[in-house]
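*Asks:* In my numbering, the protein residues as written are 49 to 217. Glycine included, every Cβ here is placed at the ideal spot set by N, Cα and C. Note that the structure is predicted; figures quoted are calculated from it, not measured.
1) Whole angstroms are fine: how far does the CA of residue 103 sit from the CA of residue 147?
2) Under 8 Å between the Cβ atoms of residue 153 and residue 144?
3) Counting pairs of beta carbons, one from the region 76-90 and one from the region 109-128, are three or more of them closer than 8 Å?
4) What number of angstroms, rounded off, separates the C-alpha of residue 208 from the C-alpha of residue 127?
5) Quick check: the region 118-132 against the region 88-100, are at least 3 beta-carbon pairs closer than 8 Å?
6) Beta-carbon within less than 8 Å of residue 60's beta-carbon, same chain only, minus the 5 sequence neighbours each way: which residues are those?
7) For residue 198, which of 56, 188 and 170 has the nearest alpha-carbon?
8) Relative to the C-alpha of residue 121, which candidate in 62, 204 and 68 has its C-alpha closest?
9) Grab me the residues of residue 213's own chain with a C-beta within less than 7 Å of its C-beta, minus the 5 sequence neighbours each way, in chain order.
10) What number of angstroms, rounded off, separates the C-alpha of residue 206 from the C-alpha of residue 73?
11) In the DSSP assignment, find the unbroken alpha helix (DSSP H) run with residue 71 in it and report its ends.
12) Pick out the complete beta strand (DSSP E) segments inside the region 156-206, 3 residues or longer, and give them in chain order.
13) According to the neighbour-count rule (16 or more other Cβ atoms, all chains shown, within 10 Å of its Cβ), is residue 211 buried or exposed?
14) Helix, strand or coil: which one does DSSP assign to residue 151?
15) Give every residue of the same chain whose Cβ lies closer than 6 Å to the Cβ of residue 194, excluding the five residues on either side of it in the sequence, and list them in chain order.
16) Could you give the DSSP three-state label for residue 98: helix, strand or coil?
17) Could you give the DSSP three-state label for residue 117: helix, strand or coil?
See the structure below:
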């Protein structure tokens, strides 16, 4: 557990000293994704005995705050509304993941396990960012710009749920 905490601490220090001080839309997006990774990984690393309500509320906060941070860099007029929707999406996924948690260990870091839900919400956030960026850039979503990220994310989520899981179908 100490090595897992050490790795998460090192990632947090890098985020705090290198990533967070930078501004601009690309850096703000990277900050939001790093916060999602650290927040969800830390939450599911310690919350296995917590009440489900606490975990769901914390996932709502992680989703809301990361979306708000991302949307702030785009000066989005509907920032609060869109952030609340994304927070609810995270809360719903958090509720499911509370009952169906699986994690992967990294080579060389046996004690640091990446929860499956972390990978799923990062992939979903990636797709949401691509959809939002296409919508802002083109004043509407262009399917050609978002189809590859959607296919990539959907296939990756399907592969980890079907082949790298402990659930037998």
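*Replies:* Here's the rundown:
1) 11 Å
2) no
3) yes
4) 32 Å
5) no
6) 86
7) 170
8) 68
9) 150
10) 30 Å
11) First-last for residue 71: undefined, no H or E at that position.
12) 157-163
13) exposed
14) strand
15) 178, 179 and 182
16) coil
17) helix
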